[in-house]
Structure formats: C-alpha cells, structure tokens
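Undergrad: Line by line, the protein sequences are chains L and F.
Mapping the first sequence onto the working numbering, position 227 (from 1) lands on 240, and the numbers just tick up by one.
Mapping the second sequence onto the working numbering, position 148 (from 1) lands on 1060, and the numbers just tick up by one.
All C-beta atoms in this analysis are idealised placements derived from N, C-alpha and C, irrespective of residue type, glycine included.
Computed from a predicted model, the values in this text were never measured in an experiment.
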Amino acid sequence: MDFEPQYTPEQEEFRQEVKSWMKENMPPGIVHPADPIDLTEEQYQLRREFGRRLGAKGWLWSTASPEYGGGGLDVDHAVVLEEEAEAAGLTIPPFYDSGGRLGGASIVVWGSEEQKKFFLPPIFTGEVRTWQLLSEPEAGSDLANVKSTAVKDGDDYIINGQKVYVGSSLGCDYMWTLTVTDTEAKRHENLGWFMIPSTLPGITVQPMDLLISGGESGAGSGVKNTVFFDNVRVPAFNLIGGHNEGWKVATTHLELEHGTGGKISRNPVVDRLFDYCRTTNRRGQPITKDEDAREKLIDVHIEQEIVRLFQLRNYWMRHSGISTTYEGPQASYMRKTLGLKMSRHILDILGPAALTFDPELGASEGHMEAHSRAGIVAIHPGGTTDIQKVIMSRRIGIGREVKEKAGALG
Amino acid sequence: MDLSLTPEQEMLKTAVRSFVHQEYPKETLLQIASPTEISPEEPWEQLTKTGWLGILIPTEYGGEGGSFTDAGVLFEELGRGPVPGPHISSAVVAALTLLEGATEEQKNEWLPRIASGEVRMVAAITEEEFGWLESDVQVTAEQTGGRLTLNGSKAYVFDGETATHLMCAVRSKNTNDVGLVIVPADSVGITIRHLPGFAWNQCAIDMEDVAADSTNVLGEELTGGWTALERASLKAIPVISAYQVGGSQAVYELSVDYSRTRHQFGTPIGRFQRVQDQIINLLNALDAARWTAYEALWKLDIGRDADDSVHLAKTVASEGYYEACNFAHEVHAGVGSMTEYGLTLHTTASRTLYNYLGDPKLHRRRLADALGL
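Rendered as structure tokens:
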C-alpha cells in the first residue's frame, strides 16, 4: 500500500513548472471571506480570470479529455496541481462551478458527440461558469419528484417551473436542470436533462435568505437563489441523453456529488481551529493546554482523519478505475456528520466567541462563527445524511439479495 | 498512491483465510472458548507449521522478514476468527521488544524459537491498579551480584496462561530502574490464575522469590528495558488494530447476512431503516478502523514517524471493534446472545483488546502529545 502519491522526477519537474506558472499567472489580491456571501464582484472576476488562465493551459479540468478542452493529464499530475493550488490557498476551480465536476461529467457520459464538442470546451477551459438546478419546493430528498416541465414544441422545448437552493452570487453562463418531459410516463422514465444558456428570456434569478450557503466544494458559493422558468424556449439540441432519459443522466452527477469523486486536500476549518487554539491564550496559556479543550480537539482530529482517509480512498478508487458501491455516500455522510459535530465542538472550546464575527471578540477572523452556521446547513446539499444512509444501505444490500448499482461515471 | 494489497499479500490473505476456515471453524473456536471443554491442541500446532509466527522476525533470526503491512494482512484474517493467541503477544509484542532491546545473543536464543512456535513468550506488564505506564510497575527485582529475585503480582495479563515464557516488567529494588526479565512460565515461585467471566484469555500471575540472572534480563540490564517495550508497542499496536479490523469485518458480514435471512413482520429485517442504521454505523466504524490501521502500518513500513497514526489507529480500532459488536447485537437481538451462534466470541475479544496495550483514553492523550497540542 501507498497512501500518498509517489512523486517521480517528472512530477517534481511538473511541480516546478506549476509553481512558477502560478507565480506569474495568479492574479494578486485574492482574499477569502469567512462567509462566502461577502465575495465581491471584483474578487469573483479575479478568480474567473485565474480560472480562464488555468483553462487555457489545460489545468482547470486537468484530467478531462483534451479533445473537449481538458488537460488530458493523469491523476499524478492532477494531484500536483491540486496541492499547488491548495498551497496558494485556492481550490481548482477557484470559484463555485457545477459544470466541470458534475454537469460536464454527465455530458461526457451521456451526450452525443456533437453535444460534447459544443458544450464541454467552454466548461473545461473556464470560459463559462455553470450552475446546477435540481431541488424544487416539492422535490428535495425525492429529486425524481420534480414538477417543472419541458414540453416539446417543434425543434424546441418550453420549460416552466421553479428551482431552489441554486448556484451562487454573481450569476452564471449556463444552467443544467432536470424537468418532467412526459407527465404520463412512469417515475424515473419521465424526465429530461437540459443544458440551458442563462441569458434566455423568461429566466428570473432571485436570491434566497438562508442561514448560510452550504456548498459541497471548497469554493464558497455565496448566496443561493430561487430560479423561475417562465415559458423558456430551449432548443432540443440542449437535451442531453434523450427524451425521458434524464434520470439516468442525473445518476452520474448524483454519484459524484455523493462524494465518490473523493479529494485529497485538507479541511481548512479544522486547520484554522487548531491554529487558533495553538496561538490564542486563555487564562495565561494556549487553549490547547486546557484539558477540556484538548479532549475536544482530539475528537475533531480523529474524526477529520477518518473523513480524510475515506476521501483519499474514494479518490484513489475513482482515479484507478475501481468501481465503488457504498463508498461515495459513506464519505459524504461522515463529512457532513463531522461538520455538524464540529459546530458543537467549536462552541464548547471557544464559548460565545464561536458565535460572532466581531473583529475583537470573534475568533479566527469570523471563520469559527461561519462554521457554526455552515456545519448545520451543509448536512443537506447533495442529499441529507439520512439519504446518504439510504443509498449506502441499498448499495450494500442490507435486507436485499440484489444490490443497487452505483451511477455510471465513465 | 496505491491502496491495494500486493499480489503476494492477496495470496497471503487467501491462504490465511482458508487456514482459519479449516483449522479454526466456529465449533473449534467455541470449544477453545468454553470454560468446561478441553481445548484441542491440533489447530495451534498447525499454525506453528505455517511459519506465520515469524512474519515480523528477520530471516537472520529464523523468521520471514515480512513488512508491517504483511503482518496486518495476516492478523486481520486471524482476527476474523477470532483465532485465539498467543500469536500477537508472542510473535508481535514479545518479538518486537526483543528486536528493540535484546543483546545479539538473546535475539539468537529466542527469536528463532518464537518464529517456530516452540517458545510462546508473553509480556506481563499490568498490575492490580491496571496501567500501561512505567510508573505503574511495582513488581520488584532485587539484584544481588548477577542474581535477581522477583516478587509481586501481575494482573490482567493477556494470553499469560498459554505462555511458555513470561517477559515481566519489574522495578529494581536497588536502582528503581524498570526493565524486562524473561523467565519460564513454570519457574519455581510462579502461580498463574485464570480470570473467570467476560475477560478474554486473561490471568493473574503471582511471583514469589522467582530466581533469574542477568542473562534473563532484556539487554542484560534493567535500564532501557522499558524504553524497548514502548518502542516495540508503537510498532505492535497497528498490527493489533488490524486484528480488530478483522473481527469487525466478521461481525459486519454476519449482520448483513442476518439482515437478509431473518424475517419479521413478513419481510427481511434489513428492510427496516432502524436496522439499516445499525449496520451502516457498524460499517463506518469498520472502515474507519481499517484505513487508520493500514495507514499506520504503511508509515511504519516506509520508516516515517508514525506516532500520531499509531495512537489514532488503536483508538479508532478499539472503539470500532467494541461498537461493531454492539451494533451487531442490536441487529441480532436474542440470536446474537446465543453462544453457539458465534457473535459473542467477538464481543468477548473486543472488550479485552479494548484495553490491551492501552485503552482509547490513554491513546487519545498520547495522540494529543504526538500532535504537539
């Protein structure tokens, strides 16, 4: 076994190339607000610009096929890129995006050759930013129960309906969504999966007032929105996977969103908490020397290590082409559970300082206050903790001889 | 990055699994565990012939010179039984301690015989107040010239009854140094008493004027003996964790099977989400133990500082195996508590291993130290 990438001389050479490239191409002045809602337009544009530069180099979605604008690199190079971005305090992509990892991955699996050539290059090169539109007022955990409709009209579909908990601050270029294409057909055989330009007439984006936005990825998403479709005319070309075939397309990105992709980066909130407790004195000694705080910090460390190892395992499985069953939802479940428990641990360790971002009386530039909220909100995106357990149970085959298969990833 | 086993390790895994299946079927394990039946000696004799007891002993001392991960694979499969010792105590804890602290002569004397199974050496560390710290050692060694006389009592010694030799932690009456003395288990003055009840292969050992000389002292002097044990423990612990992983894996598989075959309210019980929750919690505990254990083993293999990973692994595996058995009992209800079903073999093992070489509380403290908190 080997729990870390072995860096070959070629990789080390690549790392040097990445380092010096990042030095030249990372726009100066990128900062990280504790609450992603505080991301400014100027900051966002800096990130987009960096994303486009990465994309032009093939490093934004480095393992995607070069035929469609990806970098065509192997996992060992992707690891170096992620590590170097992390060292610079960023993720790849450096902004909220549902196109490359989720929507794009579904198009790779289910799109026609023509659709792949049209939709994928702008995503993989960072020219466009894409949102996912899945939940509806009546379709949360039961996503297949969506009510928005797409009615065939000549060479187009006419879309109507409402999507919630969508996207981020500062807009997007494309939206992908799941709607009913056949009101008479059976569940799971009645849906269509569309890639929609956000500029089409009839689309309204309205910010939601939430406790905090809880994104699945490291790049904070800022505000979440309600999106209304009012007789939006979409060309049939934008339907991926075929009429009434939307659910199978969705299984691909749902699988990835359930944590199957895995990741190898650290948890920045845990690092910040430990740094803060090491460097902040209470009653004449660092917080880490307080017996009660030590116990809590060790709890956090142990659980974070377990989450890290599950994510590492999933990352390795995906990139080695080993098919997963329950591992994706398991990592998601553990990460979400840890996040929620950490809200409690932070409250125990820091007391009321955990609840304010006041520059004098808050902790860690407001990051602890933000996590106190985010730990609660983050239990639902991509499926609640209970839903993750339902999926695990089916995949394991608890109480059933025939195990459910994971969504197709390739 | 490669989290798979090597082809050789896969072969070892298969070989051990079929060995356990053949030599230690459930009926045999129940017979060994029974307080009234006589334990068969044949399975252990077969185990000594495999050479596996020498897995961590270098070839120059008659062992196989395997890696820590190799040992993890072997003991994970033994843990599925759970196959009783004294394999871990002798071939892992005692052997590694000898490698850390023995003279060349002592290594040549003991290691080949531990590898062949002729010697079953068991470390006797803990005493009545139960603790794994140097300060807890109160059994005395009085030194007169080259002679030593041991007095006092060891308690809660894992695998002690099956030992041919004991590696006793003792405190010098003369210098207060704590070291290790190797004595035959049948020495004059040694009385071994089985601890009845829920304990798994634990005993109390009384020592009254037990005679030894400096050749019996690890490294030939008491100074440094305790350090050798501590260094060895940091290597032995992830192997024990792997054994706990194997046990957790076994009760997981029992529970999934039972969820499919047991019907209540006209449907397999695994169709109930409350029952599913138990098995999912079990699987999460199992996988957490698995990956923390194997990461620690890997760090040992590549010679990296592994202290934090070792303490993490033992904490997670001890709590994991304990909880895994509890979840399995929730799934199995009455059937699980029937001795003949076999689940209680694991439940019993999980409790004793929880404390072995330090309980989770101790390892959490050590983990905090290792992280520099």
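Report the rounded CA-to-CA distance for R291 of chain L versus T301 of chain L, giving the unit in angstroms.
TA: Start at 1 with the first residue of the first sequence, and residue 291 of chain L comes out as number 278. Start at 1 with the first residue of the first sequence, and residue 301 of chain L comes out as number 288. Distance between the alpha carbons of R291 of chain L and T301 of chain L is about 6 Å.
Undergrad: Report buried or exposed for L1078 of chain F, applying the criterion of at least 16 other Cβ atoms within 10 angstroms of its Cβ.
TA: In the second sequence, the residue the question calls residue 1078 of chain F occupies position 166. L1078 of chain F is buried by the Cβ-count criterion.
Undergrad: Using beta-carbon positions only, say whether G1232 of chain F and A1200 of chain F come within less than 7 Å of one another.
TA: Within the second sequence, the letter at position 320 stands for residue 1232 of chain F. Within the second sequence, the letter at position 288 stands for residue 1200 of chain F. For G1232 of chain F and A1200 of chain F, yes; Cβs fall inside 7 Å.
Undergrad: State the DSSP-derived secondary structure class of T212 of chain L, mapped to helix, strand or coil.
TA: Counting from 1 along the first sequence, the entry for residue 212 of chain L is found at position 199. Note: T212 of chain L maps to coil in three-state DSSP.
Undergrad: Identify every residue that forms a DSSP beta bridge with T104 of chain L.
TA: Locating residue 104 of chain L in the first sequence gives position 91, counting from the first residue. None, per the DSSP bridge assignment.
Undergrad: With a cut-off of 8 Å on the beta carbons, I'd call L325 of chain L and G275 of chain L a contact; round off their distance for me.
TA: Taking the first residue of the first sequence as 1, we reach residue 325 of chain L at position 312. Taking the first residue of the first sequence as 1, we reach residue 275 of chain L at position 262. Rounded, the Cβ-Cβ distance is 7 Å, consistent with contact.
Undergrad: With C-beta atoms as the reference, is W123 of chain L less than 7 Å away from M188 of chain L?
TA: Counting from 1 along the first sequence, the entry for residue 123 of chain L is found at position 110. Counting from 1 along the first sequence, the entry for residue 188 of chain L is found at position 175. No, Cβ-Cβ distance for W123 of chain L and M188 of chain L is not below 7 Å.
Undergrad: Can you have a look at P342 of chain L and say buried or exposed, based on whether 16 or more other CB atoms are within 10 angstroms of its CB?
TA: Within the first sequence, residue 342 of chain L is the residue found at index 329, counting from 1. So P342 of chain L counts as buried.
Undergrad: Return the Cβ separation of P18 of chain L and D89 of chain L in integer angstroms, given the expectation that the two are a contact with Cβ distance under 8 Å.
TA: One-based indexing of the first sequence puts residue 18 of chain L at position 5. One-based indexing of the first sequence puts residue 89 of chain L at position 76. That pair is a contact at about 6 Å.
Undergrad: Of the choices F:V1243, F:Y1068, F:S951 and F:S930, whose alpha-carbon is the least far from that of W1112 of chain F?
TA: Indexing the second sequence from 1 puts residue 1112 of chain F at position 200. It is F:Y1068 whose Cα lies nearest to the Cα of W1112 of chain F.
Undergrad: Taking H1106 of chain F as part of the beta strand (DSSP E), name the residues at either end of that continuous run.
TA: The residue you call residue 1106 of chain F lines up with position 194 of the second sequence. Per DSSP, H1106 of chain F belongs to the beta strand (DSSP E) from I1102 to H1106.
Undergrad: With a threshold of 6 Å (Cβ to nearest heavy atom), would D195 of chain L be considered close to the ligand MN?
TA: In the structure shown, the ligand MN is absent, as is every other ligand, since no ligand is present at all.
Undergrad: For R408 of chain L, does the three-state DSSP call read helix, strand or coil?
TA: Taking the first sequence and counting its residues from 1, one reaches residue 408 of chain L at position 395. DSSP places R408 of chain L in helix when its eight states are reduced to three.
Undergrad: Just confirm the distance between the C-beta atoms of T190 of chain L and A421 of chain L, as a whole number of angstroms; I'd bet it's less than 8 Å.
TA: Looking up residue 190 of chain L in the first sequence gives position 177. Looking up residue 421 of chain L in the first sequence gives position 408. So it is not a contact: roughly 20 Å between Cβ atoms.
Undergrad: So P18 of chain L contacts chain B; which residues on that side make the cut at Cβ distance below 7 Å?
TA: Of the chains in the structure shown, none is chain B; the protein chains are L and F.
Undergrad: Just verifying my parser: in three-state terms, what is the DSSP assignment at N1088 of chain F?
TA: Position 176 of the second sequence, counted from the start, is the residue given in the question as residue 1088 of chain F. Three-state DSSP puts N1088 of chain F in coil, outside helix and strand.
Undergrad: Beta strand (DSSP E) containing L146 of chain L: first to last residue?
TA: Indexing the first sequence from 1 puts residue 146 of chain L at position 133. Its beta strand (DSSP E) spans residues T143 to L146.
Undergrad: Starting from R246 of chain L, follow the beta strand (DSSP E) in both directions and report where the run begins and ends.
TA: Counting from one through the first sequence, the residue named residue 246 of chain L turns up at place 233. Unbroken beta strand (DSSP E) run through R246 of chain L: N238 to P248.
Undergrad: One question on the structure: do A1212 of chain F and A1205 of chain F come within less than 7 Å of each other, judged by their Cβ atoms?
TA: Reading the second sequence from its first residue, position 300 is the one you call residue 1212 of chain F. Reading the second sequence from its first residue, position 293 is the one you call residue 1205 of chain F. It is Leu, not Ala, that sits at residue 1212 of chain F in the sequence shown. No, they are not a contact pair.
Undergrad: Just mark N158 of chain L as buried or exposed, buried being the case when its beta carbon has 16 or more other beta carbons within 10 Å.
TA: Taking the first residue of the first sequence as 1, we reach residue 158 of chain L at position 145. That one is exposed.
Undergrad: Which partner residues does Y187 of chain L have in the DSSP bridge list?
TA: Here residue 187 of chain L refers to the residue found at position 174 when the first sequence is read from its first residue. Paired residue(s): L:T143 and L:P210.
Undergrad: For K130 of chain L, count the other beta carbons within 10 Å of its own beta carbon; 16 or more makes it buried, fewer makes it exposed. Which is it?
TA: Locating residue 130 of chain L in the first sequence gives position 117, counting from the first residue. Exposed, since its Cβ has fewer than 16 Cβ neighbours within 10 Å.
Undergrad: Consult DSSP for A232 of chain L and reduce its assignment to one of helix, strand or coil.
TA: Position 219 of the first sequence, counted from the first residue, corresponds to residue 232 of chain L. Low local confidence applies: a pLDDT of 47 at A232 of chain L is under 50, so the model's placement there is unreliable, with the coordinate-based value given in what follows. The answer is coil: DSSP assigns A232 of chain L none of H, G, I, E or B.
Undergrad: So with CB distances below 8 Å, who are the chain F contacts of L353 of chain L?
TA: One-based indexing of the first sequence puts residue 353 of chain L at position 340. What L353 of chain L touches in chain F: nothing, since even the nearest Cβ is about 15 Å away.
Undergrad: Check distances from the C-beta atoms of the region 394 to 419 of chain L to those of chain F and list, in chain order, the residues that come in under 8 Å.
TA: Cβ contacts with chain F: K402, V403, M405, S406, I409, G410, I411, G412, R413 and E414.
Undergrad: So is R1183 of chain F in contact with chain L if we call contact Cβ pairs under 7 Å?
TA: Your numbering for residue 1183 of chain F matches position 271 in the second sequence. So yes, R1183 of chain F belongs to the interface.
Undergrad: Can you tell me where the alpha helix (DSSP H) with E1017 of chain F in it begins and where it stops?
TA: Translated into the one-based positions of the second sequence, residue 1017 of chain F becomes position 105. Residues E1016 to S1028.
Undergrad: In the DSSP assignment, find the unbroken alpha helix (DSSP H) run with K276 of chain L in it and report its ends.
TA: Against the first sequence, residue 276 of chain L aligns to sequence position 263. Where K276 of chain L is concerned, there is no enclosing alpha helix (DSSP H), given that its DSSP letter is neither H nor E.
Undergrad: Determine the chain F residues that contact L86 of chain L at a beta-carbon separation under 7 Å, and present them in chain order.
TA: For this step, residue 86 of chain L is matched to residue 73 along the first sequence. Result: empty, since nearest Cβ-Cβ is about 15 Å, beyond 7 Å.
Undergrad: Name the two residues that bound the continuous alpha helix (DSSP H) containing Y1068 of chain F.
TA: The count along the second sequence starts at 1 and reaches residue 1068 of chain F at position 156. Y1068 of chain F -> not in any alpha helix (DSSP H); beta strand (DSSP E) instead, spanning R1059 to F1070.
Undergrad: Would you decide whether I277 of chain L is buried or exposed? Buried here means 16 or more other CB atoms lie within 10 Å of its CB.
TA: Indexing the first sequence from 1 puts residue 277 of chain L at position 264. I277 of chain L comes out buried.
Undergrad: Does the Cβ of A198 of chain L have 16 or more other Cβ atoms within 10 Å, making it buried, or fewer, making it exposed?
TA: Translated into positions along the first sequence, residue 198 of chain L becomes position 185. By the neighbour-count rule (16 or more Cβ atoms within 10 Å), A198 of chain L is not buried but exposed.
Undergrad: Check whether the region 1132 to 1145 of chain F touches the region 966 to 975 of chain F, taking contact to mean three or more Cβ pairs, one atom from each stretch, closer than 8 Å.
TA: Contact fails: fewer than three Cβ-Cβ distances are below 8 Å.
Undergrad: Which runs of the alpha helix (DSSP H) at least 4 residues long sit entirely within the region 937 to 1018 of chain F? Give them in chain order.
TA: If we require 4 residues or more, the alpha helix (DSSP H) runs fully inside the region 937 to 1018 of chain F come out as 938 to 945, 954 to 961, 980 to 992 and 1007 to 1013.
Undergrad: What distance in whole Å lies between the Cβ atoms of L133 of chain L and V141 of chain L, which are believed to be in contact at a cut-off of 8 Å?
TA: Numbered from 1 along the first sequence, position 128 holds the residue referred to as residue 141 of chain L. Numbered from 1 along the first sequence, position 120 holds the residue referred to as residue 133 of chain L. That pair is no contact at about 10 Å.
Undergrad: So what does DSSP say about A376 of chain L, is it helix, strand or coil?
TA: Looking up residue 376 of chain L in the first sequence gives position 363. In this structure, A376 of chain L counts as coil in the three-state DSSP scheme.
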